[in-house]
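Numbering (this note's numbering), first residue to last: 8 to 667. Think of the CB as a built atom: it goes at the ideal place given N, C-alpha and C, for glycine as much as any other residue.
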Amino acid sequence: MELNREQKKAVETTEGPLLIIAGAGSGKTRVLVERIVHILETKRAHPSEILAVTFTNKAANEMKERIAKHIGFQEADKLFMSTFHSMCVRILRRNAHLITDYHENFNQRFTICDTKDTENVMKEILQDRFGLDTKKVTPREILGYISTLKNEMIDLKTARFKKPSHNLIDWKRASDVLAYQIPKDKKELVIEAYTHYQQQMYANNAMDFDDLILATIHLFQQHEKVLKYYQRKFRYILVDEYQDTNHCQYVLNKLMAFEHRNLCVVGDDSQSIYRFRGADIRNILYFEKDYPEVTTVMLEENYRCGPYILQAANQVIANNAQQKKKNLYTSKKDGEKIGYYCAINQYDEARFVTEEIQDIKWKEPSYTYSDFAILFRTNSQSRSFEEAFMRSSIPYQVIGGLKFFQRAEIKDIISYLQFLYNPADSISFKRIVNVPRRGIGAKTEKQIVAHSEGMTILEGIKTYPFKGKAKVAMESFVNTVESLREKLNEMPIGDLLSELLVETGYLTMLKESSDPRAEERIENVSELINIAIDQQNQRNATLEEFLEHVSLHSDIDDSTDDNSVKLMTMHSAKGLEFKTVFLPGMEEGIFPHQRSLNEGDVEEERRLAYVGITRAEKYLYMLHARFRQQWGKEEANDPSRFLYEFDESLLDPTYPLVKI
């Protein structure tokens with residue numbers, strides 16, 4: 008299919024800043040692919056001079072595969088195409104030792120801590136340093152505030168001393184964040200916890216996800232030669248999903264695009280739904296102020312949704328004041344009207360959806376279960392649907408449940424690998440020192456870490472005064488670790504994993520376990536070896552690259568196209584599409600969420616509704632319940648205001664809309 012006029016303009020506008028406002032289903036991925044191919048085919052740049060930033064590894068891989076069909080896989084592999092975090096890891100692996108102002112002991116072999124690791128670190132800090140009950144003051148809450156500070160470029164020095172640590176920090180903006188985005192009664196605790204948390208990260212030669220971007224900015228700010236290298240290297244920079252960038256990512260983009268100013272950003276302000284993760288809609292709304300010479304292209308032709316679905320999306324989002332006005336249209340003439348159902352309760356809601364899925368599959372013989380999605384406002388809504396699907400033998404997959412790389416046995420093995428790679432990593436050490444059991448109690452574990460101050464944990468273990476059985480066990484542990492470390496650079500990752508499982512006794516522990524899930528856990532470990540071998544075969548990946556792949560994996564990267572109904576939140580569904588979509592829980596207090604009602608701001612909730620509606624190609628259903636069990640009580644909620652923000656004529660008249 009030929010590019011439409013606006014798509015063609017976006018592809019062929021290569022020089023200078025370019026803002027592409029890409030409405031839902033408007034073919035933005037194709038435009039990005041064609042634009043990169045056009046730059047290469049017209050000899051404006053070599054593949055290694057193009058940086059393309061996406062928000063998931065899956066999106067980056069899909070784009071690279073599509074580009075490879077035009078220019079070949081060998082050339083496509085030279086493109087610098089990744090997520091923000093992966094890009095920063097690659098930069099820091101080369102230069103981390105230079106960031107002495109950030110921390111003098113950082114080096115390229117740093118560990119990337121995932122959410123579970125950081126929560127464990129913070130739990131220990133809150134309990135040991137502050138004597139707090141972590142059920143009342145949760146690690147996740149405090150880490151959320153610290154993440155807010157980091158996303159706004161407020162590093163530890165800035166937070167502690169109430170003045171900017173370097174000239175890239177917008178002090179007025181930082182002051183507002185410090186003043187208004189952390190509750191007054193928790194401000195002192197947050198900054199003290201931030202201090203101890205970063206000290207732990209430094210001591211472990213470790214970074215969390217936010218640190219990766221913040222440390223890269225520090226690197227560029229302190230080392231102009233390094234910044235100049237990347238500014239000159241990337242002649243063209245493309246950033247997808249720009250509406251979801253935070254302030255740190257915004258500054259990073261500006262720094263890297265300074266030399267050539269060929270910065271192309273693609274996004275849709277109507278799909279900005281990640282404010283809780285630090286996303287700042289102002290980045291896309293004010294792009295034209297940052298780059299006065301910008302060319303703006305509006306992609307408004309939708310190739311996904313039927314006309315009734317699209318009209319509903321347009322009418323709902325029109326109620327938002329903060330937006331770039333657009334009006335999506337489609338050349339599709341026929342389509343299904345929107346289904347609607349007022350259920351008695353959540354069980355009736357699930358029953359209706361189950362029956363509709365079976366009816367549609369009967370009407371549409373080509374449909375598989377993977378053509379259906381149930382999109383929730385919150386994960387807690389999934390239970391009644393899971394029960395209904397089990398009773399009806401409908402296969403389903405919950406996206407965003409316990410992910411493969413978060414399973415205990417996988418975390419254990421990855422922690423072993425991380426400790427082999429970075430023997431200063433006390434976070435990984437604490438996880439593996441007693442798995443399998445070695446008779447090391449929590450008190451001794453803390454003493455080992457304290458004893459190791461100023462040296463690596465591995466060095467500390469060697470000089471710690473163990474006694475009795477613990478001495479024998481830890482001498483064996485050290486010998487095993489050192490033996491495996493000698494093989495890091497000479498043995499393929501899959502073989503290293505196999506040897507690790509045997510030498511550490513981990514596989515024997517699983518085989519001898521009375522846990523009824525032991526066989527499943529062994530299969531999971533086997534699958535980890537398969538993943539390592541695939542990485543080795545496809546990318547000739549090093550251990551370092553394999554650990555990055557594991558650490559930077561996202562929810563959507565885990566989603567599959569198997570034959571099952573997908574259950575996920577609307578946040579997880581962005582970027583996806585399904586032939587049939589159900590939106591249950593369309594009730595005030597659920598969607599829009601009670602939090603947004605309390606704060607008097609429903610615009611992001613409305614953008615989320617827009618995202619949910621525009622995931623549907625042919626069939627869309629909106630549902631709510633008269634009564635719903637919440638917190639152990641049956642409560643009655645009013646229907647969602649979003650049901651009344653589009654014309655009732657767009658609804659299937661089978662079930663008339665409840666009047667309010």
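Spatial distance of residue i from residue j (CA atoms)
| i | j | result |
| --- | --- | --- |
| M214 | Q365 | 48 Å |
| D562 | K370 | Bear in mind that the predicted position of D562 carries a pLDDT of just 49, short of 50, making it too unreliable to give a figure here. |
| A31 | S435 | 42 Å |
| P537 | K65 | The sequence shown places Asn at residue 537, not Pro. Between N537 and K65, the C-alpha separation is close to 19 Å. |
| A320 | K344 | 13 Å |
| R398 | E356 | 15 Å |
| D287 | L550 | 35 Å |
| I280 | D247 | 15 Å |
| T36 | V588 | 22 Å |
| T202 | I667 | 52 Å |
| Y310 | S33 | 6 Å |
| I406 | L583 | 12 Å |
| R669 | G512 | Given that the chain is displayed from residue 8 to residue 667, the structure contains no residue 669 and the question cannot be resolved. |
| K332 | I27 | 13 Å |
| F653 | A616 | 12 Å |
| S603 | S93 | 32 Å |
| E295 | V301 | 6 Å |
| A75 | E48 | 13 Å |
| I316 | L627 | 7 Å |
| L150 | I420 | 25 Å |
| T361 | Q353 | 12 Å |
| N441 | I57 | 47 Å |
Buried versus exposed call for residue i [16 or more other C-beta atoms within 10 Å across all chains shown]
| i | result |
| --- | --- |
| S400 | exposed |
| G274 | buried |
| E195 | exposed |
| Y187 | exposed |
| P24 | buried |
| I464 | buried |
| H631 | buried |
| R546 | exposed |
| R12 | exposed |
| A264 | buried |
| R384 | buried |
| I43 | buried |
Which residues DSSP lists as bridging residue i, in chain order
| i | result |
| --- | --- |
| Q404 | K573 |
| Q636 | E641 |
| T165 | T165 pairs with nothing; no bridge assigned. |
| W89 | Note on residue identity: the sequence assigns Ser, not Trp, to residue 89. According to DSSP, S89 bridges with V60. |
| V360 | According to DSSP, which records beta bridges pairwise, V360 is partnered with nothing at all. |
| P646 | E594 |
| V588 | A380 and L627 |
| T118 | A213 |
| V440 | Bridge partners of V440: none, in fact. |
| L270 | I244 |
Residue interval of the alpha helix (DSSP H) (run including residue i)
| i | result |
| --- | --- |
| Y611 | Here residue 611 turns out to be Glu, not Tyr, going by the sequence shown. Note, E611: alpha helix (DSSP H), E610 to I620. |
| E131 | T122 to D135 |
| V488 | G475 to R492 |
| T223 | F216 to Q229 |
Same chain, Cβ closer than 6 Å to residue i, neighbours up to 5 away in sequence not counted
| i | result |
| --- | --- |
| P599 | V609 and E612 |
| S459 | G467 |
| L590 | L382, G619 and M629 |
| T303 | L26 |
Endpoints, the beta strand (DSSP E) within which residue i is located
| i | result |
| --- | --- |
| H77 | That residue, H77, is in no beta strand (DSSP E); its alpha helix (DSSP H) goes N64 to I78. |
| M305 | T302 to L306 |
| I381 | F379 to F383 |
| I244 | Y243 to V246 |
| Y347 | G346 to A350 |
Contacts around residue i, its chain only, beta-carbon distance under 7 Å, and the 5 residues preceding and following it disregarded
| i | result |
| --- | --- |
| T223 | C95, I98, L99 and L259 |
| L671 | The structure shown does not extend to residue 671, since the chain spans only 8 to 667, so no value can be given for it. |
| P171 | T165, W178 and A181 |
| K368 | Y374 |
| Y423 | I439, L507 and T511 |
| V687 | What is shown of the chain runs 8 to 667, which leaves residue 687 out entirely. |
| Q238 | M263, F265 and E266 |
Proximal residues to residue i (C-beta, below 8 Å), its chain only, five neighbours per side dropped
| i | result |
| --- | --- |
| A52 | I46, R242 and Y243 |
| R180 | E159 and H254 |
beta-carbon residue i near the ligand FAD non-hydrogen atom, thresh 6 Å
| i | result |
| --- | --- |
| G407 | In terms of ligand content, the structure shown is empty, and the ligand FAD therefore cannot be addressed. |
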